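Asks: So the sequence lines, in the order shown, correspond to chains A and B.
Going by the working numbering, the first residue of the first sequence is number 18, and it counts up by one from there.
Going by the working numbering, the first residue of the second sequence is number 18, and it counts up by one from there.
Note that CB positions come from ideal geometry on N, CA and C, so glycine has one too.
If you're wondering where the values come from, they're calculated on a predicted model, not measured in any experiment.
Number of protein chains: 2
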Amino acid sequence: MKSICGVEGVRAAGLKEGKYGLALVAASGTAAAVFTGNLVKAAPIILMEERVARGELDGIIVNSGSANAYTGERGMRDAAAMAEIGAASLGTEPERVGVASTGVIGRYLDLDLIRRQAGEVAPRLRHEYAAEVEVARAIMTTDLTEKHALVQGPGFSVGGVCKGSGMIAPNMGTMIALLYTDAEVPAGELREALRAATRRTFNQVVVDGDTSTNDVAFLTATGEAGRVPATSLAAALEECTRSLAIQIARDGEGATKLIEVVVRGARTEDGAAAVARTVVGSPLLKTAVYGADPNWGRVLAAAGRAGVAFDPGRVSLFIGAGARRTPLVEGGTIVVDLARAKEAMRGREVRFELDLGEGKEEATAWGCDLTEKYVEINGRYTT
Amino acid sequence: MKSICGVEGVRAAGLKEGKYGLALVAASGTAAAVFTGNLVKAAPIILMEERVARGELDGIIVNSGSANAYTGERGMRDAAAMAEIGAASLGTEPERVGVASTGVIGRYLDLDLIRRQAGEVAPRLRHEYAAEVEVARAIMTTDLTEKHALVQGPGFSVGGVCKGSGMIAPNMGTMIALLYTDAEVPAGELREALRAATRRTFNQVVVDGDTSTNDVAFLTATGEAGRVPATSLAAALEECTRSLAIQIARDGEGATKLIEVVVRGARTEDGAAAVARTVVGSPLLKTAVYGADPNWGRVLAAAGRAGVAFDPGRVSLFIGAGARRTPLVEGGTIVVDLARAKEAMRGREVRFELDLGEGKEEATAWGCDLTEKYVEINGRYTT
Chain A
18 MKSICGVEGV RAAGLKEGKY GLALVAASGT AAAVFTGNLV KAAPIILMEE
68 RVARGELDGI IVNSGSANAY TGERGMRDAA AMAEIGAASL GTEPERVGVA
118 STGVIGRYLD LDLIRRQAGE VAPRLRHEYA AEVEVARAIM TTDLTEKHAL
168 VQGPGFSVGG VCKGSGMIAP NMGTMIALLY TDAEVPAGEL REALRAATRR
218 TFNQVVVDGD TSTNDVAFLT ATGEAGRVPA TSLAAALEEC TRSLAIQIAR
268 DGEGATKLIE VVVRGARTED GAAAVARTVV GSPLLKTAVY GADPNWGRVL
318 AAAGRAGVAF DPGRVSLFIG AGARRTPLVE GGTIVVDLAR AKEAMRGREV
368 RFELDLGEGK EEATAWGCDL TEKYVEINGR YTT
Chain B
18 MKSICGVEGV RAAGLKEGKY GLALVAASGT AAAVFTGNLV KAAPIILMEE
68 RVARGELDGI IVNSGSANAY TGERGMRDAA AMAEIGAASL GTEPERVGVA
118 STGVIGRYLD LDLIRRQAGE VAPRLRHEYA AEVEVARAIM TTDLTEKHAL
168 VQGPGFSVGG VCKGSGMIAP NMGTMIALLY TDAEVPAGEL REALRAATRR
218 TFNQVVVDGD TSTNDVAFLT ATGEAGRVPA TSLAAALEEC TRSLAIQIAR
268 DGEGATKLIE VVVRGARTED GAAAVARTVV GSPLLKTAVY GADPNWGRVL
318 AAAGRAGVAF DPGRVSLFIG AGARRTPLVE GGTIVVDLAR AKEAMRGREV
368 RFELDLGEGK EEATAWGCDL TEKYVEINGR YTT
């Protein structure tokens, strides 16, 4: 198993027909979710903010192709109808079914299609590798790769699938992530663990700075592995969501390279996180990475507009990892070897380390390069 | 005349040799400037923040090719030396010379080159059309077009040149703008007028969301036309800076289209301005405009992450101007005619009007589409 079917108590199935996919996951337990911070929220987000607060789910239904966002009253009725379709498929109440949608904004759901697809998918719910792959594929839109993660904790597992490749920016619970653990976790603890993991991982991914209207991450604890220490759960969950976050960054629309920005020496973790996000999201840095152009001044220019106070004269900046790690600036002095810096920008992963020299806190953010392909994909998405 | 030589008391000259340009402007009077809000400020910015506070200048020297940013103590000495070169060329004190630099970050100035270029330029200072063109060209980097503006007030003129096409985002005094008026204006009033005009025009241009380390706008009042009402000056100055701001947006790196976003019905002007900037800067909207793809949901998704409260159910959205103006959403209801919307996206200018339905304030922001060419330009800028 690679993700959700590695967790006891989870059954899955899905299908994809052109742009239109449907995923169904059956898993009963305590549940928590985090949602987009966008003011314009999709109908299923508004519905779930109310329903997930009860802390229990029996399953989740997700469609791709239409976001059911900015669809007003009809959108709310459609989201509720989708919960009913899910409930009928899973043999439970609509209030115990998670609903998520992804796709074009401002289009109504095709409920007939969703009803037919659910009818085909429901009899195939099962606990096996092919089933988790179906789910990961069913929820993809412009994604090129399926995104799975599975982490083994001591005596329990945490697994998740997610989708996301454009309209990705902080302040969210990523595009859509379905996370499961077989640990037994009270709903309150589950919520806290999900918030903490989201803040450090999904919220640190920037593809294009656009925050979606439909971001949601669901976490369900089936309980089949019994109680586990809160710290073990938190650690395993964060490892799982970090893996998924990095997969989103790597599969950013049009991306050829993963960018990792580590900010150290900050006075606060939030400050480090803000600087890391601003740098990794800078279009000028993203294009420089694409061109393997060691125009490192763009890292400092981006850091300087992050809204975090630091002394530019005390900063150190490194590029690359392992044997290729090379300094660009040390304690405010330029020490760059441009040939070595250029060398560190080749390859599929480019890493910057920025030490602000102010304190002991650190944070990491992930993103991707900006290429002609991003423009091509997004200039032609609806039509 | 098209810009600064339309203002009495201004003499100009400049030259450009490959990437390296030098502009010199002689104009004595009260002076004000606004600077980048980036924490990482270029050496000439740091120098000018101190010197311009005195409120008087005799001239300005600007080089292109090196930004003299992140160059530490040596950068500060180099900026001061550049003021001395300017002072010798203009026959005044270094403290009365404005200095600005634009180009690659993290490279030292070539003072020998600047000294030689100043020696060639100084004897050619003159009050004529060819001279203002030389200045506009000398300060260009990735700009494709010269940027001039000249506004006639009642009995006085306001003229300016500027440069800027990448690393353009709010919180600045644009890349570099040299503004002149022959009105007689006390330094304090000049500063206020410049701040107000900057806030409404230059700060409302977004090309890529990256705020430069070197942004600066200088405004000098030569006084030759005598005193004028403060409101006349403010109006003429804002018209002048708006024209330059739109020219920057239109010449955004790789741009094929100008995007104008008007936000009405906001509770505050700042709120309207923030929403307009967020929408015009959205990479997803920018690519949609490039592809003439009426994916208008991206306007609402961007508005929703601007940090400004509004009720999505009361919003109206229009695309196009004049006879082509067509509604997409009215009072929260989707009314879009996709064929007409697509038609309104053809042409070199695309205009969105978003009415939040909350109040009476409004603001406008300008930007450009995001194209493959932006990626190409910025993947290969230093090398």
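Quick check on residue 203/A - is its C-beta less than 8 Å from some C-beta in chain B?
Replies: Translated into the one-based positions of the first sequence, residue 203/A becomes position 186. Answer no: the Cβ-Cβ gap between residue 203/A and chain B never drops below 8 Å.
Asks: Who are the near neighbours of residue 261/B in its chain, counting only those whose CB is closer than 7 Å to its CB and skipping five residues on each side?
Replies: Locating residue 261/B in the second sequence gives position 244, where the first residue counts as 1. Excluding positions up to five away in sequence, the list reads 164, 166, 177, 179, 194.
Asks: Rounded to whole angstroms, what's the CA-CA distance from residue 150/B to residue 133/B? Just pull it up for me.
Replies: Position 133 of the second sequence, counted from the start, is the residue given in the question as residue 150/B. Position 116 of the second sequence, counted from the start, is the residue given in the question as residue 133/B. Rounded to whole angstroms, residue 150/B to residue 133/B spans 20 Å at the Cα level.
Asks: Can a CB atom of chain A be found closer than 8 Å to the CB of residue 190/B?
Replies: By 1-based counting over the second sequence, the position of residue 190/B is 173. Summary for residue 190/B: the model assigns pLDDT 39, below 50, so the residue's position carries little reliability; its value from the coordinates is reported in the next sentence. It does not; no Cβ of chain A falls within 8 Å.
Asks: Any residues in the region 18-52 of chain B with a beta carbon nearer than 7 Å to a beta carbon of chain A? Which ones, in chain order?
Replies: Those residues of the region 18-52 of chain B that come within reach of chain A (Cβ to Cβ, closer than 7 Å) do not exist; the list is empty.
Asks: Can you name, in chain order, every residue of its own chain whose Cβ lies under 8 Å from the Cβ of residue 61/B, other than the five neighbours on each side?
Replies: Walking along the second sequence from the start, residue 61/B turns up at place 44. If we look at residue 61/B and ignore the five residues flanking it on each side, its Cβ neighbours are 85, 96, 99, 116, 117, 118, 231, 233.
Asks: Would you decide whether residue 15/A is buried or exposed? Buried here means 16 or more other CB atoms lie within 10 Å of its CB.
Replies: The question about residue 15/A has no answer here: the residues shown for chain A are numbered 18 through 400.
Asks: Between 314/B, 304/B, 23/B, 365/B, which has its C-alpha nearest residue 337/B's C-alpha?
Replies: Along the second sequence, read from residue 1 onward, the residue named residue 337/B stands at position 320. Ranking 314/B, 304/B, 23/B, 365/B by Cα distance to residue 337/B puts 365/B first.
Asks: Per DSSP, what kind of secondary structure is residue 27/B in: helix, strand or coil?
Replies: Here residue 27/B refers to the residue found at position 10 when the second sequence is read from its first residue. Looking at residue 27/B - three-state DSSP - the assignment turns out to be coil, as it is neither helix nor strand.
Asks: At a CB-CB cut-off below 8 Å, which residues of chain A make contact with residue 392/B?
Replies: Mapped onto the second sequence, residue 392/B falls at position 375. What residue 392/B touches in chain A: 304, 307, 387, 388, 389, 391, 392.
Asks: If you reduce the DSSP assignment to three classes, tell me which class residue 381/B lands in.
Replies: Within the second sequence, the letter at position 364 stands for residue 381/B. Strand, per DSSP.
Asks: Measure the beta-carbon distance from residue 102/B to residue 131/B and round it to whole angstroms, keeping in mind my assumption that it falls under 8 Å.
Replies: As a position in the second sequence, residue 102/B is number 85, starting the count at 1. As a position in the second sequence, residue 131/B is number 114, starting the count at 1. Correct: roughly 6 Å between the Cβ atoms.
Asks: What do you get for residue 58/B, buried or exposed, if any count of 16 or more other CB atoms within 10 angstroms of its CB means buried?
Replies: Along the second sequence, one-based indexing puts residue 58/B at 41. Result: buried.
Asks: If you follow the alpha helix (DSSP H) that residue 395/B is in, where does it begin and where does it stop?
Replies: Taking the second sequence and counting its residues from 1, one reaches residue 395/B at position 378. Here the alpha helix (DSSP H) through residue 395/B covers 389-396.
Asks: Can you tell me whether DSSP reads residue 217/A as helix, strand or coil?
Replies: For this step, residue 217/A is matched to residue 200 along the first sequence. Helix.
Asks: Would you say the region 120-128 of chain B touches the region 72-87 of chain B, given that touching needs at least three Cβ pairs under 8 Å?
Replies: With a cut-off of 8 Å, the region 72-87 of chain B and the region 120-128 of chain B count as touching, because enough Cβ pairs lie within range.
Asks: Look at the Cβ atom of residue 42/B, then the Cβ atom of residue 168/B, and state whether they are nearer than 8 Å.
Replies: The residue given as residue 42/B occupies position 25 in the second sequence. The residue given as residue 168/B occupies position 151 in the second sequence. It is not a contact, given that the beta carbons lie outside the stated cut-off.
Asks: Does any CB atom of chain A fall closer than 8 Å to the CB of residue 86/B?
Replies: In the second sequence, residue 86/B corresponds to position 69, counting from 1. Judged by the 8 Å Cβ criterion, residue 86/B is in contact with chain A.
Asks: Can residue 290/A and residue 380/A be called in contact, C-beta distance under 8 Å?
Replies: Against the first sequence, residue 290/A aligns to sequence position 273. Against the first sequence, residue 380/A aligns to sequence position 363. Yes.
Asks: Can you pull the chain B neighbours of residue 320/A, defined as C-beta to C-beta under 8 Å?
Replies: Locating residue 320/A in the first sequence gives position 303, where the first residue counts as 1. 56, 57, listed in chain order.
Asks: Do the CB positions of residue 296/B and residue 320/B come within less than 8 Å of each other?
Replies: Position 279 of the second sequence, counted from the start, is the residue given in the question as residue 296/B. Position 303 of the second sequence, counted from the start, is the residue given in the question as residue 320/B. Yes, the Cβ-Cβ distance between residue 296/B and residue 320/B is below 8 Å.
Asks: Enumerate in chain order the residues of its own chain whose CB-to-CB distance from residue 145/A is below 7 Å, with the five nearest sequence positions on each side excluded.
Replies: The sequence position of residue 145/A within the first sequence is 128, counting from 1. Here the set comprises 22.
Asks: Taking contact to mean at least 3 C-beta pairs separated by less than 8 Å, is the region 22-40 of chain A in contact with the region 299-307 of chain B?
Replies: The answer is no - the region 299-307 of chain B does not touch the region 22-40 of chain A, with fewer than three Cβ pairs under 8 Å.
Asks: Residue 188/A by DSSP, collapsed to three states: which one?
Replies: Taking the first sequence and counting its residues from 1, one reaches residue 188/A at position 171. Because residue 188/A carries a pLDDT of 46, less than 50, the predicted location of this residue cannot be relied on, and the following value inherits that uncertainty. Coil, per DSSP.
Asks: Quick one: list the residues of chain A neighbouring residue 159/B, beta-carbon separation under 7 Å, in chain order.
Replies: The count along the second sequence starts at 1 and reaches residue 159/B at position 142. Within chain A, no residue comes near residue 159/B; the closest Cβ sits about 11 Å away, beyond 7 Å.
Asks: Go ahead and label residue 162/A buried or exposed: buried means 16 or more other beta carbons lie within 10 angstroms of its beta carbon, across all protein chains shown.
Replies: In the first sequence, the residue the question calls residue 162/A occupies position 145. With fewer than 16 other Cβ atoms within 10 Å, it is exposed.
Asks: Can you find at least 3 beta carbon pairs, one from the region 274-283 of chain A and one from the region 360-377 of chain A, that sit closer than 8 Å?
Replies: The region 274-283 of chain A, when compared against the region 360-377 of chain A, does touch it at the 8 Å Cβ threshold.
Asks: Compare the Cα-Cα distances from residue 311/B to each of 360/B, 299/B, 273/B and report the closest residue.
Replies: If you number the second sequence from 1, residue 311/B lands on position 294. Of 360/B, 299/B, 273/B, the residue nearest in Cα terms is 360/B.
Asks: Write down every uninterrupted run of the alpha helix (DSSP H) in the region 128-200 of chain B whose length is 4 residues or greater and which is fully enclosed by it, in chain order.
Replies: For the region 128-200 of chain B, whole alpha helix (DSSP H) runs of length 4 or above, ordered along the chain, are 128-138, 146-155.
Asks: Give, in chain order, every unbroken run of the alpha helix (DSSP H) that is at least 4 residues long and sits entirely within the region 230-298 of chain A.
Replies: Within the region 230-298 of chain A, the complete alpha helix (DSSP H) runs of at least 4 residues are 247-267, 286-298.
Asks: Once you ignore the five residues that flank residue 327/B on each side, which residues in its own chain have a CB closer than 7 Å to its CB?
Replies: As a first step, residue 327/B is located in the second sequence; it is residue number 310 there, counting from the start. Hits under 7 Å: 373, 375.
Asks: Run through DSSP, which three-state label would residue 365/A get?
Replies: Taking the first sequence and counting its residues from 1, one reaches residue 365/A at position 348. Coil, per DSSP.
Asks: Along chain A, which residues have their Cβ under 8 Å away from the Cβ of residue 171/B?
Replies: Counting from one through the second sequence, the residue named residue 171/B turns up at place 154. Chain A residues near residue 171/B: none, gap ~39 Å exceeds 8 Å.
Asks: From which residue to which residue does the alpha helix (DSSP H) around residue 306/B run?
Replies: On the second sequence, position 289 is the one that residue 306/B refers to. 300-307 is the span of the alpha helix (DSSP H), which, as asked, contains residue 306/B.
Asks: In chain order, what are the residue ranges of uninterrupted alpha helix (DSSP H) at least 4 long that sit wholly in the region 84-119 of chain B?
Replies: Listed in chain order, the complete alpha helix (DSSP H) runs (minimum 4 residues) inside the region 84-119 of chain B are 89-107.
Asks: Can you check whether the C-beta of residue 374/B is within less than 8 Å of a C-beta belonging to chain A?
Replies: Here residue 374/B corresponds to residue number 357 of the second sequence, with the count starting at 1. No, its Cβ sits nowhere closer than 8 Å to a Cβ of chain A.
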